[in-house]
C-alpha cells in the first residue's frame, strides 16, 4: 500500500519554501501567485514544531473516560494547547489569501493515528459571520491542505471546548482528532475513521419523506422530481470553478445545550465544530460553503432558564415546523438561506430541496443523544443537510432502518445499506450493512442531484475560485461480459492546474429492493457493486483485487451471474486549494454501459493455479477456460498475459500480448526471483480477466555476460569474436542496437558475429531466454578520419585550435608536425578542439582513430614562445619594479609571478619588459604569455614573506603550530642586538600575547630542516628589548639544531618572536607555542597552629588571582589576597587540623599543615586541670585561677570567641589572679598550659 504520509514534524512557509506546496501539486497556482511563492522545495526539510505527544498521561485519561472501548486502536495524545493556540494565531486569514496580500500559509504538524506525522498548510477559514465571530473571539476555525498527502484536506477548530481536527484523504485514510471528553482540553484521541467501533452506539435514523411540494420545487428548478440523473450522458454539472456560500441559521433545543455544556460559549463552540466539519465535506464535494448568520447566537436556548422551549425535542417532524417559525421570527426570512436545528432526540429529518425556499428553508432537524463527532456531523448533519440540498436516499436495502418506506426506489443505486453520505451505513442489519458508518463523500448520483439543485437556487453568493474542474475519459460502452468473471474499468483524468486527482467508479443501476445477497434474476438490474472511497488510481477492479487475491468476497460486491446490463460512471476530484480555500473541482464521466451474457463464462485461468515453481527463461504453458467467450455476443478473439511479482496486487510483467483466445499459450518465464508470482489472463479487446488463485515461485537463471570481444573496432563486415558466459540458446546479437548480419554460438562461452551495414559505434549485446548481456565498452565502427580544415592557422603553444573534418569518432591522438597534443576534446564526429602543445613546430596536423589516420593538407604555423633570459632585481616585495630581458616579447598579453597575474607591465621592446610585482605574489618563476604561447624563467623570482617585516608580524597563539620558510627573508628592520645569542641573519616575525603563563616557543620539529635561531623580544618594532634567545636546544630530540625559548609572560604584553638561522642557514621551519600555567607555592604559615578565629598569614608565590583556599579539604570563605605573595584568612568554626592549599587559575599548590588547637569556639574543657572563680566575674573584678597541682611554670592566655588573643602571662605555683578591668562584657576562653602537657580550656563570662 502506498505510504501516504512520511513521518516528519508550526512554522510559516517562506516565500521560497511555500513552493514546496506547488511542487506537491497541492496549493493552487493563484494562491502561489498571491503569496509570491517560488518554485523551490526547501520547506520540505524545514523542522515543524510538535504540539502533540503520545504518552501514558493521555492514555490514562482515555482509559478513565472508557473511550478506548469504542476506539481501541486510537492514539492517545497530550496537547500543548498554549503553543498550538499561539501558532494558529499566526495563520493568515482566508480573505487575505483572496486579496493576494497574505503571508505564507502556516505549516502545522498533526499526529497520524499510525504514530507518524503529517504536515499541512493552514489558513484561518471562518464559518461564522464577522460580527458573530467578533462576539466569540475564542472560537476559531481553520482549513488547509496536506503537504505530504496530495489528497488530504483538513478542517480544524480551536474553541473553549478544545481542539478538533477532521482530515479527509483518499484510499480510506481519513482521520479525526477529538478531545477524550468534551470538558478535557488537554487530552485527545487520534483515530482513523475506519477504526471507529459503532457497536453499542445509538443508530442514526432519518425520517426523510419527500413530499409533493418538495418534488414540485425540484421539478420547477430543472431537476428531477424523483432525484434520478436525467440522462446517461454527463451534464454540464462540473463544480469547483466557483464557490457558493449560503447563510446558515442554526438553532438548538435546550436539551442539546445541556448536552454541550449549557453556556452560550460552549454551545456555540459545539455548533461551530459541527458546521466546520460539514463545510469541510461540502466544499470538497459540492463547492458549497455555509456560514452562520450574524445573530445566530439568538437561536441558542440554554437549559434551566425557565423559558418554555418552542421545540419538541424528541419529535423531529414537529420540529420541522417549529424551526421554520422560530428562525423566520428571530432571524427574518430574508436574512438566511438554509436553517437547521440540533436536538438530542427525534432523529434526523429534512425537507427535500428546501434551501432558498421561503416556506421550507429552515426545515432540517438532526437529533442524537450524543451529538458529537463524526457519527453526528457526517452520518447525521451532512446527511440531513444533503436532503435540504436536494439529495435523496441512495440505499437499496430494506432491512431494519432501511425499511419502513425510507428507501427511495428512484435513487437506490447502492447495494444494501450503502456507504455514502446519503445512504444508511451501519443501521440496516447484518444482512444489509456494508460497513459501520458512512464515508465522507456523496454518491455520483447524489452529486448530480444536488449540483442540479444548487445551480438552480436563487440565493447564495457565488465567487470565482481560480479552479478549473478536471476532465475525465472512460472506456467505451457496449462491451459484453461473461457471467461470473471479474472485470476492470480504467479512467484517465486531466487537470488544468495539475492538482492531484482522485477517482471514484460507481454503479448507477436501479432494481428491485433487496439485500446484497438476494438471488439474481435475468434482466433485473439490481445494483451489485458498492462504492469505495476515492482512489489515486483510475482503475477499479470488480470485485476489489485484494479480495480476488485472497479468494474472498465482501458484502456489497458480487459478480453478475445472469444476463443483464450494468451501468457505471467515474467521478474525478481535484481537491484544489486556492484563494477561497479548499474548494474541490469535481466532474463525472459519461455512462459506461455494459452487457452481461449467460451464454459465456465464467472465464477462468486454470494454470498456473497451484503452488508450483518455474525456472527463469523456461517455456511454460498457461491455460484458461475460454467458456464460449470467443463467440458472440462476447466475441473476444485475443488475450493478454501478465505476471504479478507481489502476490497479485500489480501486474508489471508482460508475458504475451494479443495471444489467440484459444485456452492455451506457451510463454518464456521471466528471469526474475519471486515467491509471490501470479498470472493474469485478460481480454485484449474487452474488460474481463482472471488471475491465479495462489502464489507460485520463479527461480531466476543467470543471464549472459560479455567479458571481452576482438577486435575492438572495425568496418562493416568485420567478424567479431565475443567471449563471455551463458551464451547457450542465444536468440540475438546486436551492435549498438543493430542486429548482427549473422552470428554463430560456438560454445556457452563464445559467439562469432559479423558487423552488419548501418551499424554505428556502441556496445554489443547478446540476448538469451534468460536475459540480455551488454559489453562494458563499445565496438567502434568507423572509416579513417579526414582533416578538412582548422582555425586559426597560426599560434603559439597553448593556442586552442578547432579542427573540422569527418570520422572523428574514438579519436586516440592529435599531433602538430609529429608532436602529440595531450589536451584535446572530440566535440563531435566532425569537430575536435585541441591545444597546441609545448615544443610543437610548424607543419601538418594529424588525427588518429581506431580506423586510421587523417593528415591535413595545409600546415599549421607555430609562433615561437617567448624566452626570459634574465631579470633584475631577483628579489623584492609586492610593488617592486622588475626588468625582464629575453626575446619574442612582441604581443605579450600577460605576465605572472608564480601564477599571480601582474596587472601592470610595459613591453619596452621585443627583448625587454618592465613589470611590477603584484600583491599576493609568491616565490617562483616569472611567466610571459605572448603570441607564441607562454615562456617561463629558469630561475625563481623571490618574494619575501609578508612577516619579513616586524610591522607585519603574524599572530601566534598558545597551542598553535605554524610553518614558514626563511628562504626569501631580508634583514630589513631586523634586530641587531645580541639577545643571549647573536642575530646572524634576516628572519621572520610573529606576535604572541602574554597571559601570565610560562610560554615556550620552539622550532623543535622534524618539519624544521635547517639550523635555526629563535629570539623573543618585548618593546616595539625597531626598539627591541631582549626577553630570551636560543640557538641549539639540548632538549630537542627531533632536531638537534632546532631552538626554543621559555619565558614567563606578563599579561597584556605583546612579545615579538623572531625566527632566523645560524649564520647563513635558511629553510623551512615549524614554530609552536606552548603555554603552561604557573602553580602557586606556599613557603610558610604564620602561625602554624591556633584555635578557631586565628588569623593566619600564608606566604608564598604566584598568589595573584587566587580562586580558593582550603584547610583539610574544606573551603575557606572570606580569604584576602594581599598581593602575589601573601594571603590572609581566619580559621573558621568547625575547622580541623590538615593541609592548607591555595588554588589559582594556574592550578593548586602543595599543602602545608596547620594545626587547629580548638575544635569549637564554644566548647567547655571536659577535663580541666584548673578551676576558676568567680564565674561569671564582674567587669572590674578579679578572676582567681587554681591549678590541680603546683607547677614550676604555667602559661595563662585569654582569647575572645573570634580567636583573637586578649592577654597572656606566665606564673608558677598553684594559684594566679587575673584582673578583668577593661574587658568588654562577653564570653572568653581561658587557656592554661603547664610545661609540655596539652593545654586545658575553660569558658569565662564577664558581666
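Numbering (the UniProt record's numbering), first residue to last: 1 to 1247. The C-beta atom is built at its ideal place from N, Cα and C for all residues, glycine as well.
Residue i vs residue j beta-carbon contact at 8 Å
{"i": "residue 395", "j": "residue 428", "result": "yes"}
{"i": "residue 313", "j": "residue 333", "result": "no"}
{"i": "residue 1157", "j": "residue 1089", "result": "yes"}
{"i": "residue 167", "j": "residue 62", "result": "no"}
{"i": "residue 581", "j": "residue 143", "result": "yes"}
{"i": "residue 250", "j": "residue 292", "result": "yes"}
{"i": "residue 500", "j": "residue 150", "result": "yes"}
{"i": "residue 983", "j": "residue 974", "result": "yes"}
{"i": "residue 678", "j": "residue 699", "result": "no"}
{"i": "residue 902", "j": "residue 916", "result": "yes"}
{"i": "residue 845", "j": "residue 856", "result": "yes"}
{"i": "residue 627", "j": "residue 603", "result": "yes"}
{"i": "residue 736", "j": "residue 701", "result": "no"}
{"i": "residue 194", "j": "residue 172", "result": "yes"}
{"i": "residue 514", "j": "residue 525", "result": "no"}
{"i": "residue 76", "j": "residue 104", "result": "no"}
{"i": "residue 586", "j": "residue 573", "result": "yes"}
Start and end residues, beta strand (DSSP E) containing residue i
{"i": "residue 1254", "result": "Limits of the chain in this structure are 1 at one end and 1247 at the other, which puts residue 1254 out of reach."}
{"i": "residue 998", "result": "998-1002"}
{"i": "residue 793", "result": "Careful: residue 793 lies outside any beta strand (DSSP E) and carries neither H nor E."}
{"i": "residue 813", "result": "811-816"}
{"i": "residue 690", "result": "689-691"}
{"i": "residue 619", "result": "619-625"}
{"i": "residue 408", "result": "Note, residue 408: premise wrong, no beta strand (DSSP E); not H, not E."}
Limits of the alpha helix (DSSP H) - the one that residue i falls within
{"i": "residue 760", "result": "No alpha helix (DSSP H) holds residue 760; DSSP gives it neither H nor E."}
{"i": "residue 376", "result": "373-376"}
{"i": "residue 277", "result": "264-286"}
{"i": "residue 447", "result": "444-456"}
{"i": "residue 323", "result": "316-330"}
{"i": "residue 547", "result": "545-550"}
{"i": "residue 131", "result": "130-135"}
{"i": "residue 384", "result": "383-388"}
{"i": "residue 778", "result": "Per DSSP, residue 778 belongs to no alpha helix (DSSP H); it is in the beta strand (DSSP E), 771-781."}
{"i": "residue 258", "result": "254-259"}
From the options, residue whose alpha carbon lies closest to that of residue i
{"i": "residue 968", "options": "1041, 1065, 1129", "result": "1065"}
{"i": "residue 978", "options": "1030, 933, 552, 270", "result": "1030"}
{"i": "residue 475", "options": "1058, 1011, 438, 538", "result": "538"}
{"i": "residue 1248", "options": "1012, 854, 392, 778", "result": "What the structure shows of the chain is the stretch from 1 to 1247, and residue 1248 is not part of that stretch, so it cannot be assessed."}
{"i": "residue 369", "options": "380, 57, 710", "result": "380"}
{"i": "residue 431", "options": "347, 353, 408, 400", "result": "400"}
{"i": "residue 1076", "options": "675, 996, 608, 529", "result": "996"}
{"i": "residue 707", "options": "714, 722, 318", "result": "722"}
{"i": "residue 1106", "options": "1113, 1122, 1112", "result": "1122"}
{"i": "residue 47", "options": "119, 80, 1087", "result": "119"}
{"i": "residue 727", "options": "750, 720, 716", "result": "750"}
{"i": "residue 798", "options": "931, 361, 669", "result": "931"}
Within the chosen definition, does the segment 976-995 reach the segment 1064-1079 through at least 3 CB pairs nearer than 8 Å?
The segment 976-995, when compared against the segment 1064-1079, does touch it at the 8 Å Cβ threshold.
In chain order, each beta strand (DSSP E) run of at least 3 residues that lies wholly inside the segment 52-99
As far as the segment 52-99 is concerned, its whole beta strand (DSSP E) runs of at least 3 residues are 75-79.
Taking one C-beta from the segment 582-593 and one from the segment 529-544 each time, how about it: are there three or more such pairs within less than 8 Å?
No, the segment 582-593 does not touch the segment 529-544.
Which runs of the alpha helix (DSSP H), 4 residues or longer, sit entirely within the segment 1114-1178?
If one requires a minimum length of 4 residues, no alpha helix (DSSP H) run lies completely within the segment 1114-1178.
Are the segment 1040-1051 and the segment 1082-1101 in contact at 8 Å, needing three or more beta carbon pairs?
Touching, no.
I'd like to know if the segment 1204-1211 and the segment 1168-1178 are in contact, where contact means that at least 3 CB-CB pairs between them fall below 8 Å.
Flag = no, the segment 1204-1211 and the segment 1168-1178 do not touch.
Sufficient close CB pairs (3 or more, under 8 Å) joining the segment 1226-1233 to the segment 1190-1199
Contact holds: three or more Cβ-Cβ distances are below 8 Å.
For the pair the segment 560-574 and the segment 633-649, tell me if three or more CB-CB distances fall below 8 Å.
Touching, no, given that fewer than three Cβ pairs across the two stretches are closer than 8 Å.
Contained beta strand (DSSP E) runs [length at least 3] in the segment 689-758, N- to C-terminal order:
Complete beta strand (DSSP E) runs here, min 3: 689-691, 696-699, 705-710, 719-725, 732-735, 742-747, 750-754.
At a cut of 8 Å, does the segment 893-900 reach the segment 858-871 through at least three beta carbon pairs?
The segment 858-871 and the segment 893-900 do not touch, with fewer than three beta-carbon pairs separated by less than 8 Å.
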